[in-house]
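Quick notes on the structure that follows.
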Amino acid sequence: ARMLEDGVRFVAVSPMEIDARWTIAAANQGSEAVVRVTTEVPRMLGRFAKLIPQRMIEERIGTELESALQALETASKETVDKEQAEERAG
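As numbered in the numbering used here, residues 8 to 97 make up the sequence shown, in order.
Okay, here's the thing in structure tokens:
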């Protein structure tokens, strides 16, 4: 992962090449994340790669990204709740 001025970029090379860039910007009273993902089916599949529907890959990655966002949201809320509790106690 690499921090960018306006977000984060993740690059994976195994088992599949994935380049995911998360751009984060202020929106209303929170923030908005836009994710752009580029994939490349493993070269070892050769001609069989054409048989794998791109939509299937996109859906799988979308599911994984949604899970990651849910986990980040939960962790963020827990951190805020903990900080607020510490402020009230201290």
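Each residue gets a CB set at the ideal place from its N, CA and C atoms; glycine is no exception. Keep in mind the model is a prediction, meaning the values are calculated, not measured.
Worksheet item: Do Ala27 and Val18 have their CB atoms nearer than 9 Å?
Response: yes
Item to complete: Ignore the nearest five residues each way along the sequence and tell me which others in Asp13's own chain have a CB closer than 6 Å to its CB.
Response: Thr30
Item to complete: Give the range of the beta strand (DSSP E) segment to which Leu11 is assigned.
Response: Arg9 to Leu11
Discussion item. I'd like the list of long-range same chain contacts for Ile68, defined as Cβ closer than 6 Å, with 5 residues on each side in sequence excluded.
Written reply: Val44
Worksheet entry | Residues near Glu47 by beta carbon distance below 6 Å, same chain, minus five either side | Glu24
Worksheet item: Are Ala56 and Arg62 close, meaning C-beta to C-beta below 9 Å?
Response: no
Worksheet entry | Same chain only: Cβ atoms within 7 Å of Ile59, ignoring 5 sequence neighbours per side | Val48
Worksheet entry | Residue from Glu80, Gly97 and Ala8 with nearest C-alpha to Gly37 | Glu80
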